[in-house]
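>
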Amino acid sequence: MVLIMDLISIRDVEKKTIEELLDNAEKIHKGEKTVDLKGKILATLFFEASTRTKLSFQSAAMRTNMEVLDFSPGTSSLKKGESFTDTLKTIEGYADAVAIRHAMEGSARLAADVLKVPVVNGGDGGNQHPTQTLIDLFSIKKIKGKLGGLNVTLQGDLKHARTMRSLVYGLAMFGANISLIAPKGLEMDEKYLEEVKSKFGLNVRTSNTPDYSDSDVLYVCRIQAERFADQYEAQSIQQKFRIEKEDLKDAKEELAILHPLPKINEIDSAIDEMPQAKYFEQAHLGVPLRMAVLEYLLR
Ligand code: CP
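According to the working numbering, the sequence shown is numbered sequentially starting from 194.
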């Protein structure tokens with residue numbers, strides 16, 4: 194088994210390691226396992242906005258008895274012109290692990306190259322968000338009892354959403370059947386899909402028209418407006434590509450609806466009250482999952 198020092202991309206993680214992380218997260222969640230990382234410090238470096246990733250990393254660290262150092266780019270010496278790498282080299286002496294989010298694709302890999310302490314990618318531009326994928330796999334496994342053979346529909350801005358790129362890879366690794374639904378022009382990059390197909394023999398369908406009739410899981414993401422040059426275009430697509438309760442009338446009763454959040458208006462808020470809506474439960478599972486990740490990287 195290849196041990197990883199950093200968690201930068203889901204592509205770096207072997208299936209066996211993912212299974213181990215999901216098993217540990219399950220034990221932590223059930224109260225059958227405790228993690229003690231007393232004496233260690235986690236630095237959270239978020240150069241892009243976040244609620245769930247940053248706070249659940251901080252919560253996970255606190256629940257493993259770690260201390261947390263939160264870096265605020267807006268009040269840091271970056272404002273005086275200090276470089277990204279000098280900032281990282283400085284923080285290396287203050288913390289035992291780093292969780293980082295940055296708008297630049299490849300930034301987390303760069304941070305891992307610069308830093309000797311473990312680095313976790315909390316999202317680098319439209320590229321990867323590996324701990325979100327682990328949460329998604331953990332959530333699906335908890336709700337459905339398995340990952341292989343499920344019909345999973347991914348809908349939304351598949352061109353820009355790092356959560357979707359990461360998740361397609363993770364689902365393919367575990368043998369799910371995947372349907373991709375995106376507005377025209379926001380489909381997932383073909384080259385990336387080809388890579389996943391050649392590695393795992395991915396069974397995938399792509400469409401611009403929603404159809405959930407055979408879905409076991411519907412995973413939705415918002416239009417990633419921050420990656421659009423034209424905000425009017427982003428808003429206009431967002432208004433049109435929206436799921437109403439009515440759209441789910443032909444769906445299976447046991448459908449599970451997931452979303453990495455934040456959601457804007459791609460899902461009617463009336464859906465929140467349906468038993469199929471599992472996205473807040475999914476967000477909460479981020480804590481035990483990230484506790485398992487911190488243990489893995491720091492043990
Ligand atoms: N799912 C997720 O990454 O949420 P945040 O952007 O709030 O961290």
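Ideal Cβ positions, reconstructed from N, Cα and C, are used throughout, including at glycine.
(1) Among Arg256, Val291, Phe239, whose alpha-carbon lies nearest the alpha-carbon of Ser269?
(2) Which residue wins for smallest C-alpha separation from Met357, given the options Ser202, Leu196, Gln431, Val195?
(3) Tell me, please, which residues DSSP counts as bridged to Tyr412.
(4) Which first and last residues belong to the alpha helix (DSSP H) in which Arg294 is found?
(5) CB Thr257 to CB Leu230, shorter than 8 angstroms?
(6) Could you name the residues of the same chain whose beta carbon sits closer than 8 angstroms to that of Ala444, not counting the 5 residues immediately before and after it, in chain order?
(7) In this structure, how does DSSP classify Phe434 when only helix, strand and coil are distinguished?
(8) Ordered along the chain, which non-local residues of its own chain (more than five positions away) have a Cβ less than 8 angstroms from that of Leu340?
(9) Out of Ile221, His222, Met194, Phe264, state which residue places its alpha-carbon closest to the alpha-carbon of Thr210.
(10) What residues come near the ligand CP, if near means a beta carbon less than 5 angstroms from any of its heavy atoms?
(11) With C-beta atoms as the reference, is Asp350 less than 8 angstroms away from Leu379?
(12) Mapping the DSSP letters down to three states, classify Gln321 as helix, strand or coil.
(13) Mind checking Thr283: buried by the 16 CB within 10 Å criterion, or exposed?
(14) How do the segment 386-404 and the segment 417-425 stand: do at least 3 beta-carbon pairs fall below 8 angstroms, yes or no?
(15) For Ala296 versus Val312, is the C-beta spacing smaller than 8 angstroms?
(16) Which first and last residues belong to the alpha helix (DSSP H) in which Thr246 is found?
(17) By how many angstroms is the C-alpha of Val480 removed from the C-alpha of Glu474?
(18) Would you kindly work out how many angstroms separate the C-alpha atoms of Gly232 and Lys433, rounded to a whole number?
On the basis of the data shown:
(1) Stepping through the sequence shown from its first residue, residue 269 is reached at position 76. It is Phe239.
(2) If you number the sequence shown from 1, residue 357 lands on position 164. Comparing Cα positions, the closest option is Ser202.
(3) If you number the sequence shown from 1, residue 412 lands on position 219. For Tyr412, the beta-bridge partners assigned by DSSP are Leu347, Leu451.
(4) The residue labelled residue 294 in the question sits at position 101 within the sequence shown. Counting along the chain, Arg294 falls outside any alpha helix (DSSP H), though it belongs to the beta strand (DSSP E) covering 290-295.
(5) The residue labelled residue 257 in the question sits at position 64 within the sequence shown. The residue labelled residue 230 in the question sits at position 37 within the sequence shown. Yes, these two residues count as a Cβ contact at 8 angstroms.
(6) On the sequence shown, position 251 is the one that residue 444 refers to. Within the same chain, Cβ atoms closer than 8 angstroms to the Cβ of Ala444 are found at Tyr405, Ser406, Ser408, Leu411, Gln469, the five residues on either side in sequence being excluded.
(7) Sequence index remark: in the sequence shown, residue 434 carries index 241 (1-based). In the three-state DSSP reduction, Phe434 falls in the coil class, being neither helix nor strand.
(8) Locating residue 340 in the sequence shown gives position 147, counting from the first residue. Only Leu330, Ile333, Lys334, Leu364, Phe367, Gly368, Ala369 meet the Cβ criterion.
(9) Counting from 1 along the sequence shown, the entry for residue 210 is found at position 17. The residue from Ile221, His222, Met194, Phe264 with its alpha-carbon nearest to that of Thr210 is Met194.
(10) The answer, residue by residue, is Ser243, Thr244, Arg245, Thr246, Pro453.
(11) For this step, residue 350 is matched to residue 157 along the sequence shown. For this step, residue 379 is matched to residue 186 along the sequence shown. Yes, the pair counts as a contact, with Cβ atoms nearer than the cut-off.
(12) Locating residue 321 in the sequence shown gives position 128, counting from the first residue. Under the three-state reduction of DSSP, Gln321 is assigned to strand.
(13) Your numbering for residue 283 matches position 90 in the sequence shown. It counts as exposed.
(14) Because the criterion of three Cβ pairs below 8 angstroms is not met, the segment 386-404 and the segment 417-425 do not touch.
(15) Within the sequence shown, numbered from 1, the residue matching residue 296 stands at position 103. Within the sequence shown, numbered from 1, the residue matching residue 312 stands at position 119. Taking a C-beta distance under 8 angstroms as the contact criterion, Ala296 and Val312 do not qualify as a contact pair.
(16) For this step, residue 246 is matched to residue 53 along the sequence shown. Start and end: 245-256.
(17) Within the sequence shown, residue 474 is the residue found at index 281, counting from 1. Within the sequence shown, residue 480 is the residue found at index 287, counting from 1. Approximately 11 angstroms, taken between the alpha carbons.
(18) Counted from its first residue, the sequence shown places residue 232 at position 39. Counted from its first residue, the sequence shown places residue 433 at position 240. Distance between the alpha carbons of Gly232 and Lys433: 51 angstroms.
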